[in-house]
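A.B. asks: Just passing along the structure, written as structure tokens.
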Amino acid sequence: MTHTVRTQVVIVGAGPSGLLLGALLHKAGIDNIIVERQSGEYVLGRIRAGILEQVTLDLLHEAGVGATVTQAGTPHHAIELVFQNQRHAIDITGLTGGKSVTAYGQTEVTRDLMNARAAAGLTTWYSAEDVSVNGFDGPHPYVLCQHEGQAKRIDADFIAGCDGFHGVCRASVPAGSLQEFERVYPFGWLGILADVPPVSPHAIVYANSAEGFALCSMRSLTRSRYYVQCPLSDQVSDWSDERFWDALRRRLDPALAEQIITGPSIEKSIAPLRSYVAEPMRFGRMFLAGDASHIVPPTGAKGLNLAASDVKYLSAALIEHYAERSDAGIDAYSDRCLARIWRAERFSWWLTNLMHRFPDNGAFGQKMQDAELHYLVNSRAASTALAENYVGLPLDFAQH
Ligand code: RFL
Ligand code: PHB
């Protein structure tokens, strides 16, 4: 027998998008249930983003979980670009009239939201199997799944597809209703997490070297996150810790390389790089948000921040629907999100092209990269364009 429950919004996926949406809706008195395919521990074990824009911090505060990030996050007022063995600082705060970004891990954001959700006694079904989304083209959408050995059904007013790139929501949209745009890059990022002090605790370092891209980031003053560009054919097992640290050092300027403190990795993974957008983001009574509808290469640190802004627009639209009986926000949702998404897609694509070594770049392509990097660090106008995108464009940035 199927166990049936009812809620106002059923959210598929308990990543940052789903959890943040659930928290914002709950604050507004809108009932919601989250259905997640994995266990809570598995979700927390995925090491991903580390840089939050102010827009994202503001939303965490609005959702009632801002205290920990304020206390434990590390503000960054600069980024550094390394090329031709030299380091150049970009003063993102000075160039944007005082804005900054904050180093605070996606794992920590997720944990804060999970804890708040559990403390508020809200329903989350982890380890749900065979999740399907149904009836969203009509007035009575519902989700089916298997949970704790039982067939379950959730009837709702709306479905929020927050289930990431490989989720079921986008895949359930009828063929032909979706337009996809994609660029796949011919390399990946090998990332490691290690309990060693970060080499650059006040500025994220992006390096373009003859051996490829490298990135120095952090999770705290005692936990570092580093990445190197690697071929897509590489396996994690090809990369001993020693090989990783050697490769990282060779890609940085000599002074910085010398300061790297190494230690055993506690996580090591390879992520492919992709730009992807699916349009639109609403299908009747189902909405897509976050990685379910778009992917950026991690170079611009935009993925989690875009997920947060989608959720801001979606929560505002749903609150307007219930409180004011107006569907204006719901009708505008997809266009509002996509205007911001395409700007972040452009920035992430541009920075990816500028900072990586492409197999078919050639000598001319290399000269172009070098010339653009020199221009970028020597022109206030060009540095400002980088800085204002890096800290994140305002939510109400011109839509057209
Ligand atoms: P998620 O995090 O993928 O969560 C989706 C959740 O849905 C679940 N799910 C299902 N649940 C039920 N039924 C199904 N059929 C389901 N299918 C899937 C999944 O188990 C999962 O729990 O998507 P969300 O919430 O939209 O969040 C997006 C972010 O995770 C992502 O954009 C960022 O991690 C991207 N990203 C970065 N973003 C930044 O803003 N700043 C960064 O510094 C940054 N660095 C990164 C990154 C992503 C990386 N990787 C690995 C792709 C660095 C890396 C290396
Ligand atoms: C990270 O800390 O994981 C990180 C930082 C900056 C990026 C991407 C990832 O651009």
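Counting with our numbering, you get residues 1497 to 1896 for the letters of the sequence shown.
Ideal Cβ placement from N, Cα and C applies to all residues, glycine included.
For the ligand PHB, is there any heavy atom lying closer than 7 Å to the beta carbon of LEU1769?
C.D. replies: no
A.B. asks: As a quick exercise: from ARG1542, GLY1861, SER1844 and VAL1701, pick the residue whose alpha carbon is nearest that of ILE1762.
C.D. replies: ARG1542
A.B. asks: Which residue marks the beginning of the alpha helix (DSSP H) containing TRP1685, and which one marks its end?
C.D. replies: It is not in any alpha helix (DSSP H) - TRP1685 instead sits in the beta strand (DSSP E) that spans 1675-1690.
A.B. asks: Less than 7 Å between C-beta atoms, sequence neighbours within five positions excluded: which residues of the same chain meet that for ALA1878?
C.D. replies: By the criterion of a C-beta distance shorter than 7 Å, ALA1878 is surrounded in its chain by TYR1871 and LEU1872, once the five residues flanking it on both sides are discounted.
A.B. asks: Work out the CA separation of PHE1893 and GLY1546 for me, nearest whole Å.
C.D. replies: 24 Å
A.B. asks: Taking 7 Å as the cut-off, is the C-beta of VAL1669 nearer than that to any heavy atom in the ligand RFL?
C.D. replies: no
A.B. asks: So, is ILE1757 buried or exposed, given that buried needs 16 or more other C-beta atoms within 10 angstroms?
C.D. replies: exposed
A.B. asks: Kindly identify the DSSP beta-bridge partner or partners of LYS1648.
C.D. replies: HIS1499 and CYS1641
A.B. asks: Could you please give the first and the last residue of the uninterrupted beta strand (DSSP E) stretch that includes GLY1825?
C.D. replies: First-last for GLY1825: 1824-1851, but that is the alpha helix (DSSP H), not the beta strand (DSSP E).
A.B. asks: Hey, quick one: how far does the beta strand (DSSP E) through TYR1722 stretch, first residue to last?
C.D. replies: 1719-1726
A.B. asks: What residue range is occupied by the uninterrupted alpha helix (DSSP H) comprising LEU1740?
C.D. replies: Reading off the sequence shown, one finds Phe at residue 1740, where the question assumed Leu. Looking at the DSSP string, the run of the alpha helix (DSSP H) that includes PHE1740 is 1737-1747.
A.B. asks: Tell whether a beta-carbon distance below 8 Å holds between MET1777 and SER1765.
C.D. replies: It is not a contact, given that the beta carbons lie outside the stated cut-off.
A.B. asks: Closest to ARG1583 by C-alpha separation, out of ARG1836, ARG1613, ARG1721 and CYS1712, would be which residue?
C.D. replies: CYS1712
A.B. asks: Pick out every residue whose C-beta is nearer than 5 Å to a heavy atom of the ligand PHB: which are they, in chain order?
C.D. replies: GLY1546, ILE1547, SER1713, ARG1721, PRO1794 and ALA1797
A.B. asks: Straight-line CA distance for LEU1769 to GLU1576?
C.D. replies: 22 Å
A.B. asks: Quick one, are the C-beta atoms of ALA1559 and LEU1520 less than 8 Å apart?
C.D. replies: yes
A.B. asks: Step through the CB atoms of chain D and report whether any lies within less than 8 Å of the CB of ARG1544.
C.D. replies: Protein chain content of the structure displayed is limited to a single chain, and chain D is not contained in it.
A.B. asks: Please tell me whether, using a cut-off of 7 Å, the distance from the CB of GLU1678 to the nearest non-hydrogen atom of the ligand RFL is below it.
C.D. replies: no
A.B. asks: If contact is defined by three or more beta carbon pairs under 8 Å, each pair taking one atom from either stretch, is the stretch 1594-1608 in contact with the stretch 1562-1570?
C.D. replies: yes
A.B. asks: Can you look up VAL1539 in the DSSP assignment and give me helix, strand or coil?
C.D. replies: helix
A.B. asks: Please report the residue range of the alpha helix (DSSP H) in which ASP1554 lies.
C.D. replies: 1550-1558
A.B. asks: Is ALA1624 near the ligand RFL, with its Cβ less than 7 Å from a heavy atom?
C.D. replies: yes
A.B. asks: Determine, using beta-carbon pairs with one atom in the stretch 1687-1703 and one in the stretch 1798-1812, whether at least three such pairs fall under 8 Å.
C.D. replies: No, they do not touch.
A.B. asks: Three or more C-beta pairs closer than 8 Å, one from the stretch 1515-1529 and one from the stretch 1625-1633: is that the case here?
C.D. replies: Flag = no, the stretch 1515-1529 and the stretch 1625-1633 do not touch.
A.B. asks: So, ASP1749 versus VAL1578, is the Cβ gap smaller than 8 Å?
C.D. replies: yes
A.B. asks: By a C-beta neighbour count over all protein chains shown, 10 Å radius and 16 as the cutoff for buried, is MET1851 buried or exposed?
C.D. replies: Buried, by the Cβ-count rule.
A.B. asks: Give a yes or no on whether the C-beta atoms belonging to LEU1717 and ARG1607 are separated by under 8 Å.
C.D. replies: no
A.B. asks: Anyone know if the C-beta pair for MET1782 and CYS1658 falls short of 8 Å?
C.D. replies: no
A.B. asks: Using only alpha-carbon positions, find the residue among GLY1799, ILE1815 and TYR1681 that is nearest to PHE1661.
C.D. replies: GLY1799
A.B. asks: Is the CB-CB distance between GLY1634 and VAL1692 below 8 Å?
C.D. replies: no
A.B. asks: Who does CYS1712 pair with in a DSSP beta bridge?
C.D. replies: BP columns for CYS1712 point to VAL1701 and TYR1722.
A.B. asks: I believe ALA1690 touches LEU1744 by the beta-carbon criterion, under 8 Å. Please report the beta-carbon distance rounded to the nearest angstrom.
C.D. replies: About 11 Å; that fails the 8 Å criterion.
A.B. asks: Between the alpha carbons of LEU1553 and ALA1652, how many angstroms are there, rounded?
C.D. replies: 29 Å
A.B. asks: Pick out the complete alpha helix (DSSP H) segments inside the stretch 1745-1793, 4 residues or longer, and give them in chain order.
C.D. replies: 1750-1755
A.B. asks: Does the ligand RFL have even one heavy atom less than 7 Å from the beta-carbon of ALA1510?
C.D. replies: yes
A.B. asks: Within the present structure, is the beta-carbon of LEU1521 separated from the nearest heavy atom of the ligand RFL by less than 7 Å?
C.D. replies: no
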